[in-house]
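J.: Dropping the structure in here first, questions after.
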Amino acid sequence: MTDPVIGVLALQGDVREHLIALAAADAVARPVRRPEELAEVDGLVIPGGESTTISKLAVLFGVMEPLRARVRAGMPVYGTCAGMIMLADKILDPRSGQETIGGIDMIVRRNAFGRQNESFEAEVDVKGVPGHPVEGVFIRAPWVESVGAEVEVLAEHDGHIVAVRQGTALATSFHPELTGDHRVHSLFVDMVRANRTAESL
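Heads up: the sequence shown begins at 30 in the numbering used here, then just goes up one per residue.
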């Protein structure tokens with residue numbers, strides 16, 4: 030089977046770093062801004078940035094509703110930091126007009142670990158990622174306040190949930206794309222491969 034085609038939502042945030050990490054994890058990586066580009070990928074990464082801005086730009090570029098539809102239909106999706114907020118079914122303290130894609134039955138708190146000057150790095154044990162702990166880069170990072178029964182908690186830091194999975198949706202509070210360690214991206218690529226295999230049966 031050919032390598033999966035995985036897009037990175039290229040509206041804001043560290044798009045280039047995700048493209049590099051996905052390519053290192055044996056995926057064909059492409060930037061996605063418009064519905065026609067979304068239609069051509071097997072999975073999608075939603076990068077960090079500012080969740081309110083990403084939300085507004087997704088609506089402006091006409092990609093919000095197609096993205097919601099594909100996530101509902103089971104397209105694998107991975108959100109980091111602001112991307113985690115975008116995948117939450119509920120935000121505790123949304124800004125006016127802020128929308129989410131949804132897909133993970135969780136309640137997320139924005140900027141929960143503090144502002145920009147309180148950013149930090151920490152080792153995180155992530156379930157499903159073999160070997161040593163992942164170096165988590167937390168930048169104005171959210172955390173997960175609570176999850177539904179179908180959500181698997183993959184990691185916690187300082188008593189707070191920082192990585193989750195529900196079916197074909199994955200989310201982390203931190204930025205693995207900034208570390209040169211591509212194991213979390215490899216986990217997501219494996220999820221996309223498994224989904225393609227299931228769809229072909």
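Even for Gly, the Cβ is constructed at its ideal location relative to N, Cα and C.
Note that the coordinates shown come from a computational prediction; the quantities given were computed from them, not determined experimentally.
1) In the DSSP output, which residue or residues are listed as bridge partners for L51?
2) What's the call for H161, buried or exposed, on a 16-neighbour Cβ count within 10 Å?
3) Can you tell me which of H189, V193, P105 and M115 puts its alpha carbon nearest to the alpha carbon of T226?
4) Going by CA-CA distance only, name the one from I49, G72 and V92 that's closest to E228.
5) Mind checking who T201 pairs with in its DSSP beta bridge?
6) How would you call S175, buried or exposed, if buried means at least 16 neighbouring beta carbons within 10 angstroms?
7) What does G36 pair with, by DSSP beta-bridge criteria?
8) Does the stretch 143 to 162 come close enough to the stretch 100 to 114 that 3 or more CB-CB pairs lie under 8 Å?
9) Return yes when the Cβ of R59 is within less than 8 Å of the Cβ of V92, no when it is not.
10) Please check the pair T208 and E164, which I expect to be a contact at CB under 8 Å, by giving their CB distance rounded to whole angstroms.
11) In angstroms with no decimal places, state the Cα-to-Cα distance between T82 and T31.
12) By Cβ distance below 7 Å, which residues in the same chain neighbour A87 in space, the five residues on each side in sequence not counted?
13) From the DSSP output, in three-state form, read off A68 for me.
14) Between the alpha carbons of V221 and T197, how many angstroms are there, rounded?
15) Under a three-way DSSP split, which group does R138 fall into?
16) I need the boundaries of the alpha helix (DSSP H) containing D219, first residue and last residue.
17) Leaving aside the five residues before and after S215 along the sequence, list all residues of the same chain whose C-beta is less than 6 Å from its C-beta, in chain order.
18) First and last residue of the beta strand (DSSP E) that includes L183?
T.: Let me lay it out:
1) The partner list for L51 (beta bridge, DSSP) is empty, contrary to what the question assumes.
2) exposed
3) P105
4) G72
5) T109 and A192
6) exposed
7) R59 and L73
8) no
9) no
10) 5 Å
11) 34 Å
12) L40, M93 and L96
13) coil
14) 8 Å
15) strand
16) R212 to S229
17) A54
18) E181 to H186
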